[in-house]
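In the working numbering, the protein residues as written are 1 to 488.
What follows is a single structure, written as C-alpha cells, with notes after it.
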Amino acid sequence: MELDSANKALAQIRLEGRAPDLQSLKIGQVLNATVIQTRNAGEVTLRINGVDVQAKTPQPLTAGQQITVRITSLGRTPSLEIVSTGTTGTTTSRALPGVTTPPLIMLATGKPGSGTFAIGQRFLALVTAAQDDGALHLQTTAGRLTGRTSASLTTGQLLELIAVRAGKLPAVAVTHVSDGPEIINPLLRAALPRQQGLPLLMAILTSLRAPCGNPPMSLPSAVQEAIQNLMRNLSGSKDASSAQGLKSAMLNSGMFLESRMFGQSSPATDSGIGSDFKSGLFRLIEALLRGSLSAPGQFTGTPRTAAPHAAPPLRGSVMQAQARAAPAMFSTVDELLGVLLQQADGVLARLQISQLAALPAQDQAQPYLTFELPLRHGNQVDVIQLRITRDATGSQDEAARQWTIHIAFDLEHLGPVHARLTLQNRHISTMFWAEQPRTADLFERHLAELQGKLASAGLTVGAMRCQTGKPPPVPGHRTPELLRNLEA
C-alpha cells in the first residue's frame with residue numbers, strides 16, 4: 001500500500017536507542033524492511049539490512065509484513081519514514097528479487113529549466129517501453145517520463161516509485177514492482193473501506209468556520225488554521241461558472257497535485273500548490289494527528305458518525321449527485337476531532353480512488369478523469385461531480401475524436417440533476433435529466449439562452465433538451481471489474 005506524503009505523522013518510525021548498525025547509512029536512503037514482531041502502543045521489531053531494531057510507530061503493522069522505509073534522521077534517536085507497505089503472506093506487490101537497496105531510475109530532465117519534483121514524493125508509473133540497454137518510457141498521472149536503469153524491468157509492469165534526488169539529475173527509487181493491477185488492487189483495498197463522500201466533511205468544516213459555529217468548542221490552533229486555509233481556498237460557485245474559473249477549480253481539485261509538484265524544483269515555486277484541495281486535506285490531517293499516535297478510525301470512545309453513502313468513483317462507476325449534509329452534533333472536542341479526522345481521511349481516500357481510476361491501463365490509454373469539486377455558495381458548500389472521457393474508437397484524427405463530459409449535482413431547491421455533453425469537431429450536443437419536474441421545466445425554459453452562449457463561443461449546437469427523471473444506464477454498464485474483484 002502506498003502512503004501519502006501528508007500522512008507523515010502516521011508514517012513515522014522512531015527507533016529506540018542509537019541503532020549503531022544503521023549509522024553507516026545515509027539520510028534519504030531507501031531500504032526494504034520486514035516487520036518481525038508487533039506489541040502494544042505501536043512498538044515493533046524491524047529487520048533492516050539484516051539487523052533487528054526496536055522502534056515505535058503509529059502506523060498499523062503486522063508481523064511478517066514487508067515495508068519500504070526512508071531514513072529521515074540519524075544521530076541519537078534515528079527516525080525513518082514508511083514509503084510503502086505490503087501485505088503479509090501472499091504479497092501482491094513485491095520488491096525486486098535479491099535487492100536490499102531499491103534500484104534507481106535516472107530520469108531525463110525534459111525541457112531546460114522545467115524543474116523536477118519534491119524529494120520524498122511517491123507515485124505509480126506504468127512501464128510503456130523497456131529496452132535492453134536499460135532505457136525506459138514511463139506513464140504516470142504526472143505525465144510521460146523517460147529514464148534509464150540497471151534493474152531488469154519489462155513493458156507492462158507497474159512500479160511504485162519514490163523521488164530520491166531532484167535538480168538537474170533527478171532520480172527515483174523503485175520500491176515495488178508488479179505485473180498488471182497488482183499494485184492498484186492493494187491500494188484500492190486500503191482506500192475503499194475508508195472512502196467517504198465530501199458533503200459531511202464540508203458541513204462540519206462550514207459549521208466550525210462560521211462565526212457562531214456549532215458546537216462552540218475550542219479547537220487546537222493548528223487545526224483551526226488548517227480548516228481556515230482549506231475552506232478559504234475553495235472555488236466559489238460564481239467563479240466556476242466561467243471557463244477560466246472552472247479550469248482553476250479542476251486544477252486545484254487534488255487530482256493533479258503530484259503532477260504539479262513534479263513540474264517544480266520545489267513545491268514553493270508553484271503558488272497554486274498551496275491552494276490545492278488535496279494539499280489542504282494533507283495539512284488538516286497532519287494538524288489532527290500532530291502530537292498523537294492515533295490513526296484514523298482508531299480513536300477509543302469516538303463514535304463513527306454515519307455519513308450519506310457515496311459509491312466509490314471507480315472507472316465505469318455511475319455518476320452521483322451528492323446533496324448537502326446536515327452538520328453532525330458532538331458532545332466533546334475529542335469526539336469532534338475524531339470524526340473530523342475520520343471524514344478527512346475518508347475524503348482523501350476517495351480522492352486517491354479517483355486518481356487510481358485515472359491511471360492508464362496497459363491496453364486503454366484514453367483519458368478518464370473524475371473530479372469532485374467542492375464549491376462555496378454563500379456560507380454553504382455544494383459538491384459537483386464531473387467526469388471527462390474520450391471515445392477510444394473512431395477516427396485517428398485528434399480533432400475528430402468525441403469527448404464526453406458527465407456532470408452530476410444536487411443543489412438546494414433543484415434536487416438531483418445530471419447532464420451529458422458530447423463534443424466532436426466543435427459540434428456539441430447536450431442532454432439534461434432532472435428528478436424534480438419543476439426543475440426540468442426551469443431548465444427547459446433556459447435552453448435557448450444556453451444554446452446562444454454556446455453558439456457565441458464558436459460551437460455548432462446540436463440536440464439540446466431536458467427531461468424529468470434519472471439518466472438511463474450507460475449501455476453495457478456493469479459493476480467496475482476492480483470492485484467486483486475486491487468484493488469477491
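Positions of the beta carbon are idealized from the N, C-alpha and C atoms, including for glycine.
Computed from a predicted model, the values in this text were never measured in an experiment.
In this structure, residue 329 lies away from residue 385, with their beta-carbon atoms at least 7 Å apart. Residue 429 and residue 453 have their C-alpha atoms spaced approximately 13 Å apart. Under the three-state reduction of DSSP output, residue 416 falls in the strand class. Two segments are said to touch when three or more pairs of C-beta atoms, one from each, lie closer than 8 Å; by this definition the stretch 185-196 touches the stretch 343-357.
The stretch 313-359 contains, as complete alpha helix (DSSP H) runs of 4+ residues, the segments 333-358 (chain order).
Residue 351 is a Cβ neighbour of residue 254, given a cutoff of 7 Å. Distance check between residue 404 and each of 391, 462, 439 places 391 closest, using alpha-carbon atoms only. Residue burial annotation: residue 367 is exposed, with fewer than 16 other C-beta atoms found within 10 angstroms of its C-beta.
By a beta-carbon distance limit of 8 Å, residue 136 contacts residue 149. Their separation comes to about 6 Å. Secondary structure of residue 232 (DSSP, three-state): helix.
Assignment of residue 49 by DSSP, reduced to helix, strand and coil, places it in the coil class.
With respect to the 7 Å criterion, residue 102 and residue 44 are not classified as neighbours on the basis of their beta carbons. Taken through DSSP and simplified to helix, strand or coil, residue 458 comes out as coil.
A Cβ-Cβ contact shorter than 7 Å links residue 451 with residue 464. Residue 84 sits buried, since 16 or more C-beta atoms from the chains shown fall within 10 Å of its C-beta. By the CB criterion at 7 Å, residue 35 and residue 65 fall inside the cutoff.
Cα atoms of residue 374 and residue 243: separation of roughly 17 Å, rounded to the nearest angstrom.
For the pair residue 170 and residue 132, the Cα-to-Cα distance works out to about 22 Å.
Exposure of residue 228 is indicated by the presence of fewer than 16 other C-beta atoms within 10 angstroms of its C-beta. In the three-state reduction of the DSSP assignment, residue 158 falls in the strand class.
Contact between residue 439 and residue 414 holds, since their C-beta atoms are separated by about 5 Å, short of 8 Å. Residue 58 counts as buried, since no fewer than 16 other beta carbons sit within 10 angstroms of its beta carbon.
If you look at residue 287, you'll find it in the alpha helix (DSSP H) that goes 277-289. The beta carbon of residue 323 sits closer than 7 Å to the beta carbons of 199, 410 from its chain, once the five residues preceding and following it are set aside; these are given in chain order. In the three-state reduction of the DSSP assignment, residue 84 falls in the strand class. Sixteen is the threshold: since fewer than 16 other Cβ atoms of the shown chains lie within 10 Å of the Cβ of residue 152, the residue is exposed. Within the DSSP bridge table, the entry for residue 149 names 105 as partners. Judged by beta-carbon spacing, residue 191 lies beyond the 7 Å limit of residue 161, meaning their Cβ atoms are not closer than that value. Shown here, residue 78 sits in coil according to DSSP, grouped into three states, outside any helix or strand. Straight-line measurement puts the Cα of residue 408 at about 16 Å from the Cα of residue 249. Leaving aside the five residues that flank residue 70 on each side, the residues in its chain whose CB is nearer than 6 Å to its CB run, in chain order, 30, 81, 83. Taking C-beta atoms as the reference points, residue 287 and residue 226 count as a pair closer than 7 Å.
The DSSP-derived three-state label of residue 14 is strand. In the DSSP annotation of this structure, residue 73 is not part of any alpha helix (DSSP H); the continuous beta strand (DSSP E) holding it starts and ends at 66-73. In the three-state DSSP reduction, residue 61 falls in the coil class, being neither helix nor strand.
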